[in-house]
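Residue numbers (our numbering), protein chains in the order written: chain A, 1 to 207; chain B, 1001 to 1218.
Glycine included, every Cβ here is placed at the ideal spot set by N, Cα and C.
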């Protein structure tokens, strides 16, 4: 029996007046993967934010018959999040922008150089982040994620803007992370190679 | 370690000059007010010496509003605070660092610019000293209020204009005591300015941190 990486109970999500999904329980074993699907606006990104601890999962209605159901998310290990934003300072050169996260994560310059090399960004170190193309920004985001050395990854549309080499590279990175015991949760409209992944369609979990 | 990394980045982002630095415009705005005032009210030296200190204070307060727009909103949008939260860095820590960097980015230069401004208004020497001490005591408070308001309005459309309006009433106590020190020769008013300032400095990171967490959950 595999150890559990993520356990989540009773997740509810609303954005403003819209009730997105509810009563969602999720269990992911170490090395496991979840592929989130569903139409636009169903709450895939919101679910990733809830799982990252950035959004409260609790049903915000105090007067339900059974009382308030307390949503809970528990991870075993550290998590990394890559959403649509690469979260690097726009005007600074890529290398300096990444260096901030390298320092913050207590990684070394060698780690950073290796991550940039791996993502095919070695030649772009002195290009300001705002000049990078969509695909290059995605690669830069993955470089940041690699530097973080988190155990588990939450990926929001990780293939957006990537060329076929990039797609293969990302699938390879995901496979490596899973092989070393990380759990991966991916929200993606594009086909992505995730062997033995749980398929989670948020339409099956109405409020 | 985390604080140092944050502070280094915040200072590099906010300090005027440099490739990613903040702008010198608030400072030029401050000097422009001091320069325009004598044109508007006439050049009588007694009048300028009597009212000039107050004008410098008002100009300083308005100059403190200008950098608020880029203080928090950009990082909130690009997800920096989300990534920090994932790494277990409390929003309060990030905001405390941001507050220190914001003060360093505008106050020392403002104090420096207060010298030519005082000269333009013909302030006597002892008043210049009081003015500088008052600004030194009051600007940390202005930076703190500015940060809390910038964080509160960061996720709103037109937040910058709203931030300006919200800062003014909160800054009134600092202005009253800071500018009031110019009228009285004792140091009590400056001590009071410093006290109010410290109170704001102590509260702002918590208020701003809570505002950032609240902005996530909408």
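Which same chain residues, not among the five before or five after residue i, have their C-beta less than 6 Å away from its C-beta?
i	result
residue 74 (chain A)	7
residue 1166 (chain B)	1149
residue 1128 (chain B)	1118
residue 93 (chain A)	126 and 128
residue 9 (chain A)	25 and 72
residue 207 (chain A)	19 and 22
residue 1151 (chain B)	1072, 1208, 1211 and 1212
residue 208 (chain A)	A query on residue 208 (chain A) cannot be resolved here, the shown segment of chain A reaching from 1 to 207 and no further.
residue 198 (chain A)	34
residue 42 (chain A)	202
residue 86 (chain A)	137, 140 and 141
residue 1219 (chain B)	Lying before the first or after the last residue shown, residue 1219 (chain B) is absent from chain B, which here runs from 1001 to 1218.
residue 181 (chain A)	30 and 31
Check whether the Cβ atoms of residue i and residue j lie closer than 9 Å to each other.
i	j	result
residue 1111 (chain B)	residue 1142 (chain B)	no
residue 1208 (chain B)	residue 1056 (chain B)	no
residue 1059 (chain B)	residue 1034 (chain B)	yes
residue 130 (chain A)	residue 95 (chain A)	no
residue 1024 (chain B)	residue 80 (chain A)	no
residue 1030 (chain B)	residue 1063 (chain B)	yes
residue 1037 (chain B)	residue 1048 (chain B)	yes
residue 1138 (chain B)	residue 1102 (chain B)	no
residue 151 (chain A)	residue 76 (chain A)	yes
residue 168 (chain A)	residue 31 (chain A)	no
residue 1000 (chain B)	residue 1122 (chain B)	With chain B covering 1001 to 1218 only, the question about residue 1000 (chain B) has no answer from this structure.
residue 1082 (chain B)	residue 52 (chain A)	yes
residue 1016 (chain B)	residue 1105 (chain B)	yes
residue 1026 (chain B)	residue 1066 (chain B)	yes
residue 1164 (chain B)	residue 1068 (chain B)	yes
residue 1140 (chain B)	residue 1107 (chain B)	yes
residue 1061 (chain B)	residue 1192 (chain B)	no
residue 173 (chain A)	residue 118 (chain A)	yes
residue 211 (chain A)	residue 12 (chain A)	Not covered by the structure: residue 211 (chain A). The range shown for chain A is 1 to 207.
Applying the 10 Å Cβ sphere with the 16-neighbour rule, what's the burial state of residue i?
i	result
residue 27 (chain A)	exposed
residue 1219 (chain B)	Coverage of chain B is limited to positions 1001 through 1218, which leaves residue 1219 (chain B) absent and any answer about it impossible.
residue 1045 (chain B)	exposed
residue 1197 (chain B)	buried
residue 1097 (chain B)	buried
residue 138 (chain A)	buried
residue 17 (chain A)	exposed
residue 1010 (chain B)	buried
residue 136 (chain A)	buried
residue 103 (chain A)	buried
residue 5 (chain A)	buried
residue 1041 (chain B)	exposed
residue 1158 (chain B)	exposed
residue 1039 (chain B)	exposed
residue 55 (chain A)	buried
residue 70 (chain A)	exposed
residue 1188 (chain B)	exposed
residue 1001 (chain B)	exposed
residue 1185 (chain B)	exposed
residue 110 (chain A)	exposed
residue 1194 (chain B)	buried
residue 1079 (chain B)	buried
residue 1199 (chain B)	exposed
Within the same chain, show all residues whose beta-carbon is closer than 7 Å to that of residue i, passing over the 5 residues directly before and after it, in chain order.
i	result
residue 1003 (chain B)	1093 and 1097
residue 45 (chain A)	83, 156 and 187
residue 1215 (chain B)	1076, 1154 and 1155
residue 178 (chain A)	31, 33 and 184
residue 15 (chain A)	46
residue 159 (chain A)	167, 170, 188, 190 and 192
residue 1007 (chain B)	1097, 1100 and 1101
residue 78 (chain A)	150 and 151
residue 1160 (chain B)	1068 and 1069
residue 50 (chain A)	11, 13, 57 and 73
Within the same chain, show all residues whose beta-carbon is closer than 8 Å to that of residue i, passing over the 5 residues directly before and after it, in chain order.
i	result
residue 98 (chain A)	88, 112, 115, 116, 140, 143, 144 and 147
residue 122 (chain A)	113 and 116
residue 1190 (chain B)	1130, 1133, 1134, 1137, 1177, 1178 and 1181
residue 1043 (chain B)	none
residue 1099 (chain B)	1143, 1144, 1147, 1201, 1204, 1205 and 1208
residue 105 (chain A)	147, 148 and 149
residue 163 (chain A)	135
residue 165 (chain A)	120
>> Taking 8 Å as the cut-off, does the segment 180 to 193 of chain A touch the segment 105 to 114 of chain A (at least 3 CB pairs, one atom from each stretch)?
In response: no
> Do the segment 1169 to 1176 of chain B and the segment 1082 to 1094 of chain B meet, that is, are 3 or more Cβ pairs less than 8 Å apart?
Replying inline: no
> Which ranges does the beta strand (DSSP E) cover as unbroken runs of at least 3 residues, wholly within the segment 1136 to 1199 of chain B, from first to last along the chain?
Replying inline: none
>> Going residue by residue through the segment 155 to 185 of chain A, where are the continuous beta strand (DSSP E) segments of at least 3 residues, counting only ones entirely within it?
In response: none
> Could you give the uninterrupted runs of the alpha helix (DSSP H) lying entirely in the segment 105 to 150 of chain A, keeping only those of 4 residues or more?
Replying inline: 109 to 118 and 134 to 148
>> Could you tell me which whole beta strand (DSSP E) segments of length 3 or greater appear in the segment 1093 to 1127 of chain B?
In response: none
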